[in-house]
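Taking it in order: structure first as structure tokens, then the write-up.
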Amino acid sequence: MTFKKFLTAMVMACCAWSTPSAAQVSVAALTSGSGITFWFAEDHSVPVLSLVMSFRAGSAEAPAEKVAVASMLPDILLEGAGDLDTKAFHERLQTLGITISAGSDDDRLTILMRTPLTQLSEATKLLHLVLTQPRFDEDAFERVKAALIQSTENILQTPDWKAADALGTALYPKGHPYAAGIRSVEELRPLNSRDVKHFMKDHMAKDDLKIGICGDLTPEAVLQLVDTLTKDLPEKGSYKKVEDVSFPAKGQDLFTLSTQPQSVVLFSHPGLRYDHPDYIKLVLLSYALGGGFESYLMQEVREKRGLAYGANAGLHVMAHSATLSASLQSDGKTADEAITVTKGQFERLKKGITQADLERAKNYLIGSFPLQFTSSSDIASVLHTYQVQGRTPDYLQKREGLINRVTLAEINAFAEHFIRPDLLITSVSGSKHQLTPQKKEKP
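Going from the sequence shown to the working numbering is simple: count from 1 and add 2.
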């Protein structure tokens, strides 16, 4: 399983005090002259423009024997473009107050641009160069590869990675792209810049491009901006046929050895895709299970028994897989009890939640939503994300009603038939002496 590389730079501060709230955001789905459909929120409160775009260029699209090309691409894109080498490129960004960043996960490569409106023309040129003329200088490439080797060496030793890798092996069939991942630094050493160039050429194309934009422009101007940015991209990419993953039909417990005294425990249960009619119900259930301080896991595992440093749950939805996941970190001596108590909370969830649980979940999901709209970068990110999820532009206005319409009887009927504690896959990474004798170690 690819170690998840969630993009951490997607949310940037940008005059939060004057940005419109979720209820005030008006979203338009526009189509440029070249046929690129994107979402745009017009906001004249601050002279700034933010753009988030993504391509179908995640690790699932990489060749199985060279999966690291997807990890290297977002970094090498920012190592100079056009006639600007790495140093000149970053000095130019800093001087003009422009931000361009990139990251990737299993499914997509995501790029963010934020610029003062006074520098929009220059920012557009620089981003266009990143998309179409990255330099791939050998010294920069080797520097990026060396950094990836170093970070991979560190990651492969962590109990977090070991538990996640074992879990991925159980969840995803052998040969599925989600089952691929970097498991040795030796896989990285043969990579060369040609490998990454080919991957970029095949996957950074218009046909699966998602764009969210928020800022101080008119619709006419933003249509021209999108055409300028994308005019030299290939029309179509060359993609794998990635099959949807069915959750395993039988639960199991997995153990991997770690030299760390703490145990990392991951739980995986069937989930739902964004377009499923019961998706909102499962979101509410996951919050009751492990989404806040009053959640079952926090109260029963941490507060009442002190068995873990923290425990949480949430939905993990990818393009071809969906799970309800939980995790905890525990002292090795209490890991077995923490696991038993956590499994018990899935049993409790199946029996139904209380009205108070439901109201807490609704209040959080509705009350915290405006925090996703505190800057133009936030708004552009939300618009982009909802397109990837297959939403319609009116979802921002519909979301609260969808949450409020869920009744206690409906959610408990859903929980009774959907929650399957017997299907839980539990992956533990800890030291050998922490394992009880009857449990089998995974080599």
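Quick reminder that beta carbons are idealized off the backbone N, C-alpha and C, glycines included.
Only a predicted model underlies this, so the values are computations on that prediction, with no experimental measurement involved.
The continuous stretches of beta strand (DSSP E) do not include His278, and DSSP gives it neither H nor E. Nearest in C-alpha terms to Val27, of all of Ala415, Ala411 and Thr376, is Thr376. By DSSP's assignment, His271 forms a beta bridge with Leu326. Inside the segment 387 to 441, DSSP marks whole beta strand (DSSP E) runs of 3 or more residues at positions 427 to 432, from first to last along the chain.
Assignment of His318 by DSSP, reduced to helix, strand and coil, places it in the strand class. Out of Leu111, Ile157, Gly293 and Ala172, the CA that lies nearest to the CA of Ser260 is found in Ile157. Within the DSSP bridge table, the entry for Leu286 names no partner. In the three-state reduction of the DSSP assignment, Val132 falls in the helix class, which pools H, G and I. In this structure Tyr366 touches Gly294 by the C-beta definition: roughly 6 Å separates them, less than 8 Å. Looking at the DSSP output, Arg116 bridges to Ser52 and Thr101. Taking 7 Å as the cut-off, the beta carbon of Val71 is found no closer than this to the beta carbon of Ala62. For Ile341, the enclosing alpha helix (DSSP H) begins and ends at Ala337 to Lys353.
For Gln331, DSSP records a beta bridge to Val266 and Gly312. Using a 10 angstroms sphere on the CB of Glu418, the tally of other CB atoms stays under 16, which defines it as exposed. For Gln374, DSSP records no beta bridge to any residue. For Gly84, same chain residues with a beta-carbon under 7 Å away, outside a window of 5 residues either side, are Leu131 and Gln135 in chain order.
With contacts defined as CB atoms closer than 7 Å, Tyr276 and Gly403 fail to qualify as a contacting pair.
When the alpha-carbon of Ala411 is set against those of Pro395, Ile355 and Phe420, the nearest one is in Ile355. Where Val69 is concerned, there is no enclosing alpha helix (DSSP H), because DSSP gives it neither an H nor an E. Contact annotation, Met206 with Leu133: C-beta distance approximately 7 Å; criterion of less than 8 Å satisfied.
About 6 Å separates the beta carbon of Phe269 from that of Ser327, a gap short enough to meet the 8 Å contact definition. For Gly37, same chain residues with a beta-carbon under 6 Å away, outside a window of 5 residues either side, do not exist.
With a 10 Å radius around the Cβ and a threshold of 16 neighbouring Cβ atoms, Gly308 comes out exposed. Annotated three-state conformation of Ile184 is coil, per DSSP.
By the Cβ test, the segment 188 to 205 is in contact with the segment 147 to 165, since at least three Cβ pairs between them sit closer than 8 Å. About 5 Å separates the beta carbons of Gly432 and Gly334, which is inside the 8 Å limit, making them a contact pair. Counted as a single uninterrupted DSSP element, the alpha helix (DSSP H) harbouring Ala166 occupies residues Pro161 to Leu173. Counting along the chain, Leu225 sits inside the alpha helix (DSSP H) bounded by residues Pro221 to Thr232.
Sequence-distant partners of Gly312 (beyond 5 residues in either direction) whose C-beta falls short of 7 Å from its own C-beta, in its chain, are Arg304, Leu330 and Gln331.
Taking C-beta atoms as the reference points, Leu32 and Leu225 count as a pair closer than 7 Å. By the 16-neighbour rule on beta-carbons within 10 angstroms, Ala358 is exposed.
Ranked by Cα distance from Val198, the options Ala168, Asp167, Leu169 and Arg137 are led by Arg137. Two segments are said to touch when three or more pairs of C-beta atoms, one from each, lie closer than 8 Å; by this definition the segment 81 to 98 does not touch the segment 173 to 188.
Just measuring C-alpha positions, the residue of His178, Gln389, Thr428 and Trp163 sitting nearest Ser186 is Trp163. About 4 Å separates the beta carbons of Ala43 and Cys216, which is inside the 8 Å limit, making them a contact pair. When only Cα atoms are considered, Ala321 and Asp229 end up about 27 Å apart.
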